[in-house]
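To start, the structure itself, in structure tokens.
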Amino acid sequence: MPATTGEAVHLVLNIFGILLAAVVAAALLTWVERRLLGFWQDRPGPNRVGPFGLLQVVADMLKLFFKEDFLPRFADIPVFVLAPVIVMAAMLLGFAVIPFAPHIGVIDLNIGLLFFFAMSAMAVYSVVLGAYASNNKYALLGGLRAAAQTVSYEVFMGLSLMGVVMLAGSFDLRTIVLAQRDGWFILPQFLGFAIFLIAGIAESHRLPFDLPEAEHELTAGFHTEYSGMKFGMFFVGEYLSILLISSLITTLFLGGWLGPWLPPLVWFLLKMSLLVALFILLRGALPRPRYDQLMSFGWKWMLPLALLNLLVTGGLLLWRG
Amino acid sequence: MISSLLRSLWLVFRHLFRRNVTVQYPDEQPYLPPRYRGRIVLTRDPDGDERCVACNLCAVACPPDCISLQKTEDEDGRWRPEFFRINFSRCIMCGLCEDACPTYAIQLTPDFEMSEYDRQNMVYEKEDLLINGPGKYHEYSFYRVAGKAIAGKGKGQGLNEKKPVDLHDLNL
Ligand code: SF4
Ligand code: SF4
Chain A
40 MPATTGEAVH
50 LVLNIFGILL
60 AAVVAAALLT
70 WVERRLLGFW
80 QDRPGPNRVG
90 PFGLLQVVAD
100 MLKLFFKEDF
110 LPRFADIPVF
120 VLAPVIVMAA
130 MLLGFAVIPF
140 APHIGVIDLN
150 IGLLFFFAMS
160 AMAVYSVVLG
170 AYASNNKYAL
180 LGGLRAAAQT
190 VSYEVFMGLS
200 LMGVVMLAGS
210 FDLRTIVLAQ
220 RDGWFILPQF
230 LGFAIFLIAG
240 IAESHRLPFD
250 LPEAEHELTA
260 GFHTEYSGMK
270 FGMFFVGEYL
280 SILLISSLIT
290 TLFLGGWLGP
300 WLPPLVWFLL
310 KMSLLVALFI
320 LLRGALPRPR
330 YDQLMSFGWK
340 WMLPLALLNL
350 LVTGGLLLWR
360 G
Chain B
143 MISSLLRSLW
153 LVFRHLFRRN
163 VTVQYPDEQP
173 YLPPRYRGRI
183 VLTRDPDGDE
193 RCVACNLCAV
203 ACPPDCISLQ
213 KTEDEDGRWR
223 PEFFRINFSR
233 CIMCGLCEDA
243 CPTYAIQLTP
253 DFEMSEYDRQ
263 NMVYEKEDLL
273 INGPGKYHEY
283 SFYRVAGKAI
293 AGKGKGQGLN
303 EKKPVDLHDL
313 NL
């Protein structure tokens with residue numbers, strides 16, 4: 040409970056500020072991604088609406104709002120409507136535990152990391168329910184893939200972070216950031232970082248792990264039947280999850296807001312943007328693996344590596360006392 | 143495997159510093175060579191008369207069948223199209239009509255900005271197609287070189303044309 044009105048105001052400002060910033064950033068990200076992909080393909084990308092094409096976001100939003108909001112007759116309507124809401128809500132809730140700067144952040148849970156896992160696991164429901172409710176074979180295939188992919192990648196996503204948790208001795212994200220005063224965890228935990236990055240890409244269904252959508256084989260995968268703003272929510276949800284994963288990697292491995300000279304928030308945003316750019320670069324450069332390759336890669340490589348990382352980190356910590 | 147993945151990441155990243163290949167069209171006009179195959183015109187010979195002799199070869203050659211015309215004949219013996227119509231909503235700018243034309247009458251030009259809101263406006267009539275010049279071939283005039291007799295030019299009077307064979311010389 041906030042003790043004084045000052046604290047209450049601070050909290051409310053934080054909540055709404057972060058909420059707003061996250062949604063706006065996710066919307067802007069659609070533009071950033073298309074511009075960057077454009078540059079990487081030797082073309083300018085959307086640059087005609089507004090300065091540098093920035094208003095493209097607004098144009099797209101208007102378009103989505105005015106599109107017919109089509110509900111397929113054969114769909115399971117309540118679930119169909121609920122599904123896109125879940126993904127956005129889960130992702131936005133995930134932002135609650137991220138410490139952006141010393142005084143910015145909604146809440147410092149002592150189980151912050153677990154809360155994030157819970158939220159990212161919730162997001163799977165959205166995909167699976169949306170796919171199931173669409174009553175469409177492509178959507179169902181996408182949903183099946185999403186379920187299998189997310190369940191198997193979630194396993195070592197959690198395991199890969201246990202090294203960090205051991206080093207910092209806490210699940211609280213703010214404590215983890217402060218534990219990186221003497222050196223970012225990316226160095227001692229590079230393996231964990233790599234595994235978490237890969238798992239994060241798979242969690243947010245981004246290329247090269249976008250098999251649930253795989254537009255070349257499944258039309259649009261789980262959101263085949265979605266249109267208008269419901270599709271928009273899935274879309275924004277995906278970008279929110281990129282932002283969430285990026286900010287989490289920043290917090291856990293890149294020292295969060297820590298850094299010389301610049302204000303803490305700037306450091307945080309800088310690190311986060313670089314990671315987001317990396318996500319987009321991955322999309323621009325790498326091909327999508329086959330579904331069975333994805334699964335065997337997860338279980339046969341990532342899981343053992345994550346366990347090994349856990350073992351070695353634990354062993355070293357014990358050895359040093 | 144990992145090194146090849148990193149390599150392709152790096153190769154794609156380097157493109158950030160390349161020049162864009164895009165020509166930003168309405169702001170930047172691309173250079174179109176003179177023989178670009180765009181909007182079709184009907185040209186005139188150096189004397190200012192219509193070149194087209196309504197032979198229908200272009201209409202036959204046209205793959206989507208978008209040229210239609212009707213022949214008529216002047217009192218002096220010249221052939222010309224009574225109407226000449228190109229439906230540009232079907233034309234594929236292939237240039238076969240220009241290749242087929244024996245008189246250089248029909249020519250494609252470097253202009254492609256012919257959008258319309260109404261499909262009907264894409265049908266060009268002879269008045270819309272005719273231009274006031276000879277197009278790409280300045281000197282050529284069909285009736286000057288052709289063997290066809292018209293008023294003021296009999297058989298054998300064309301440029302480089304031999305006299306007609308006199309049957310009495312044949313000595314059969
Ligand atoms: S350019 Fe090709 S399609 Fe167009 S009128 Fe000529 S022959 Fe027909
Ligand atoms: S444009 Fe050329 S090919 Fe077509 S009818 Fe006229 S003379 Fe013949």
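These protein sequences, in sequence, are chains A and B. In this text, residue positions in the first sequence follow the numbering used here: the first is 40, and each later residue adds one. In this text, residue positions in the second sequence follow the numbering used here: the first is 143, and each later residue adds one. Glycine included, every Cβ here is placed at the ideal spot set by N, Cα and C.
Quick one: is residue i near chain B, going by C-beta distance under 8 Å?
i	result
P138(A)	no
D81(A)	yes
F248(A)	no
F78(A)	yes
A114(A)	no
G323(A)	yes
L283(A)	no
V320(A)	Here residue 320(A) turns out to be Leu, not Val, going by the sequence shown. Cβ-Cβ to chain B under 8 Å: yes for L320(A).
For residue i, which option in the options has the closest C-alpha, if you only look at C-alpha atoms?
i	options	result
R149(B)	R82(A), L321(A), N348(A)	L321(A)
M130(A)	D249(A), W296(A), L283(A), L355(A)	L283(A)
L355(A)	A162(A), R73(A), M205(A)	M205(A)
W340(A)	A238(A), W296(A), S173(A)	A238(A)
Y330(A)	F134(A), I146(A), F248(A)	F248(A)
H49(A)	I146(A), I116(A), R112(A)	I146(A)
P138(A)	P326(A), L308(A), G267(A), A178(A)	L308(A)
Y178(B)	F254(B), D218(B), D189(B)	F254(B)
V96(A)	W70(A), R87(A), D81(A)	W70(A)
V120(A)	Y164(A), G202(A), L132(A)	Y164(A)
E96(B)	V165(B), R193(B), N263(B), D189(B)	There is no way to answer for residue 96(B), as the model of chain B reaches only from 143 to 314.
D218(B)	L147(B), L301(B), D308(B), Y285(B)	Y285(B)
D115(A)	L180(A), A47(A), A170(A), E72(A)	A170(A)
K268(B)	F225(B), P276(B), E303(B)	F225(B)
L250(B)	E303(B), I234(B), M264(B), D216(B)	I234(B)
R213(A)	S286(A), N86(A), V305(A), F55(A)	S286(A)
I need the DSSP call for residue i, collapsed to helix, strand or coil.
i	result
V183(B)	strand
N313(B)	coil
F226(B)	strand
Y246(B)	coil
K268(B)	helix
Q299(B)	coil
I209(B)	strand
I237(A)	helix
W300(A)	coil
E215(B)	strand
W152(B)	helix
I144(B)	helix
I292(B)	strand
W221(B)	strand
S243(A)	coil
L94(A)	coil
M235(B)	coil
D81(A)	coil
L344(A)	helix
R112(A)	coil
Y278(A)	helix
E258(B)	coil
V305(A)	helix
G275(B)	coil
N372(A)	With chain A represented from 40 up to 360, any question about residue 372(A) goes unanswered, as that position is not in the structure.
V48(A)	helix
A201(B)	helix
Under 8 Å, Cβ to Cβ, is there at least one residue of chain A near residue i?
i	result
S333(B)	Outside the modelled stretch of chain B, which goes from 143 to 314, sits residue 333(B), for which no answer is possible.
V165(B)	no
L158(B)	yes
V154(B)	yes
N302(B)	no
N162(B)	yes
L147(B)	yes
Return the bridge partner residues of residue i from the DSSP annotation.
i	result
I54(A)	For I54(A), which the question treats as bridged, DSSP gives no partner whatsoever.
T352(A)	Bridge partners of T352(A): none, in fact.
E192(B)	R186(B)
If we cut at 8 Å on Cβ distances, does residue i have a partner in chain D?
i	result
A316(A)	Within the model displayed, chain D is absent; protein chains A and B are what it includes.
### Task
Please specify which runs of the alpha helix (DSSP H), each continuous and at least 4 residues long, are wholly inside the region 123-211 of chain A, giving them in chain order.
Within the region 123-211 of chain A, the complete alpha helix (DSSP H) runs of at least 4 residues fall at 151-173, 176-207.
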